[in-house]
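Undergrad: First the structure, then my questions, so here it is.
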Amino acid sequence: MAAEVGWRLLILAGVIYVLVKVISAFSLLVLAFAIGLLITALLQPTVARLRRLGIGRGLATMITFVTGVASIGLVGWFVVWQVMENLDDLTKQVQGGIEELKTWLLNSPFHVTEEQINNVADSLNDWLGSNSQEITSAGWQGVTVVVEFFSGALLALFVSIFLLYDGRRVWNWTLNFVPQVARGGIAGAGPMAWATLTSYVRGTVIVAFIDAFFIGIGIYFLDVPMAVPLAVFIFLFSFIPIVGAFASGTLAVLVAFVANGVVTALLVLAVVLAVQQLEGHVLQPLILGRLVSVHPLGVVLAVTGGSLIAGIPGAVTAVPVVAVLNTVVTYLRRYAAENALHGGATPHGATAETAEGPSGPSGPGPSRPEPPDSSPGGTNGPGR
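Just so we're aligned, residue 1 is where the sequence shown starts under UniProt numbering, counting upward by one.
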């Protein structure tokens with residue numbers, strides 16, 4: 001028995017290793033598709049609503065997509081404009097903060113001398129001079145990363161367009177690669193997975209907006225510069241569970257410390273902690289609910305693994321992937337158990353249109369699960 005379990009674990013570890021290698025080799029493609037799915041899950045309800053109003057599928061897709069991209073572009077432009085407007089003042093405040101820190105160190109009980117501070121500054125300048133080539137190389141690597149980012153973003157936009165417009169056909173085409181014996185279960189798991197993904201995206205957007213709004217209001221009334229850009233950064237970083245909240249909160253506190261001193265920084269820290277406590281104990285359970293609940297340990301491991309494989313985009317997509325996999329595995333386990341209980345098997349040659357749930361139309365499973373539908377009022381997939 002132990003030997004049997006051992007070789008199965010070895011096979012599982014090998015499969016996971018190969019999967020990670022494949023994902024790493026095609027990380028740009030995989031991430032672009034995953035982000036395209038997230039965008040589709042966010043925009044799809046608007047397309048469905050326009051379809052119910054009698055607007056054609058193509059026009060509804062175009063209106064939704066153009067409006068969404070334009071909104072994101074306007075937000076990005078506003079953030080850049082605000083940063084550029086406040087950059088000179090912030091630079092002067094940083095310089096003043098450095099001078100204040102130097103004065104504090106000289107008068108502190110740590111017995112720091114001006115010579116020691118100057119030595120640290122000289123060492124930093126020497127390091128920058130001796131590593132100029134590496135810094136230049138890192139700059140070129142940054143250019144490569146920017147090019148890859150825009151390539152991936154463009155691919156993700158194309159993925160979302162086609163899924164919004166023709167999600168049902170894409171789903172049917174995907175099911176053609178599934179063996180007939182497993183097609184019924186996969187056809188039923190697909191709508192469940194899509195429901196989990198859409199719930200996660202919508203809930204995360206709502207929670208992120210609430211976080212950014214209240215923290216932004218607190219920062220604004222504390223007279224911290226660049227309150228709006230900081231609020232936008234908090235909104236974006238909220239899509240990375242746990243780690244994102246820590247990073248965005250730290251950024252807000254640092255800006256407050258440099259600009260307005262220790263007291264304001266402590267007040268900003270209090271605001272950030274209060275809002276994050278509200279998020280963790282009220283917003284997350286209330287808005288996301290049990291449908292997409294993942295244990296905190298699973299969240300940490302998923303975010304860490306995603307960031308190791310693909311950096312920040314991997315950290316963003318890791319948790320929804322885990323949530324979807326959890327839903328699919330749970331459904332398929334129930335599907336297999338109920339089929340075994342009733343002594344029935346999936347109809348031979350079942351397709352997305354004919355496969356029934358675990359126990360047929362009257363059982364607890366989904367009755368005649370449908371693939372992603374692009375028709376008005378459809379509820380089961382990215383193109384509904």
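Glycine included, C-beta positions come from ideal geometry on N, C-alpha and C.
In or out: D223 buried (at least 16 other Cβ within 10 Å) or exposed?
TA: exposed
Undergrad: Mind checking W7: buried by the 16 CB within 10 Å criterion, or exposed?
TA: exposed
Undergrad: Of the residues V300, I72, Q116, L283, which one's Cα is nearest the Cα of P320?
TA: Minimum Cα distance to P320 is reached at V300.
Undergrad: Is A32 closer than 8 Å to V201 when the C-beta atoms are compared?
TA: no
Undergrad: Could you tell me the alpha carbon to alpha carbon distance between F213 and A318, rounded to whole angstroms?
TA: 25 Å
Undergrad: Suppose you measure from the CA of G218 to the CA of V271; what does that come to, to the nearest Å?
TA: 6 Å
Undergrad: So, T204 versus Q44, is the Cβ gap smaller than 8 Å?
TA: no
Undergrad: State the DSSP-derived secondary structure class of H342, mapped to helix, strand or coil.
TA: helix
Undergrad: I believe F257 touches A247 by the beta-carbon criterion, under 8 Å. Please report the beta-carbon distance rounded to the nearest angstrom.
TA: Rounded, the Cβ-Cβ distance is 16 Å, inconsistent with contact.
Undergrad: Starting from N260, trace the alpha helix (DSSP H) both ways and give me its first and last residue.
TA: Where N260 is concerned, the enclosing alpha helix (DSSP H) stretches over 243-260.
Undergrad: Is the distance from the Cβ of T174 to the Cβ of T327 below 8 Å?
TA: no
Undergrad: Going by the beta-carbon positions, is the gap between V47 and T64 smaller than 8 Å?
TA: yes
Undergrad: Quick one: what's got a C-beta closer than 8 Å to I161's C-beta in the same chain, skipping five residues either side?
TA: T61, F65
Undergrad: Can you give me the start and stop residues for the alpha helix (DSSP H) that P229 sits inside?
TA: 227-237
Undergrad: Could you check which residue in L10, T91, A189 has the C-alpha nearest to that of V324?
TA: A189
Undergrad: Who are the Cβ neighbours of L10 in its own chain at under 7 Å, not counting the five residues just before and after it?
TA: The beta carbon of L10 lies closer than 7 Å to none in the same chain, with the five residues before and after it left out.
Undergrad: Distance check for F209 and V253, CA to CA, integer angstroms please.
TA: 19 Å
Undergrad: Report the rounded CA-to-CA distance for S123 versus S108, giving the unit in angstroms.
TA: 22 Å
Undergrad: If I measure Cβ to Cβ from L105 and keep anything under 8 Å in the same chain, skipping five residues before and after, which residues do I get?
TA: V112, I117
Undergrad: Rounding to the nearest angstrom, what Cα-Cα distance links T330 and R169 in this structure?
TA: 26 Å
Undergrad: Taking all protein chains shown into account, decide if D88 is buried (16 or more other Cβ within 10 angstroms of its Cβ) or exposed.
TA: exposed
Undergrad: Looking at C-alpha atoms only, which residue of G244, L341, A336, A265 is the closest neighbour of G314?
TA: G244
Undergrad: Roughly how many whole angstroms lie between the Cα atoms of N86 and N260?
TA: Looking at the two C-alpha atoms, the distance is approximately 14 Å.
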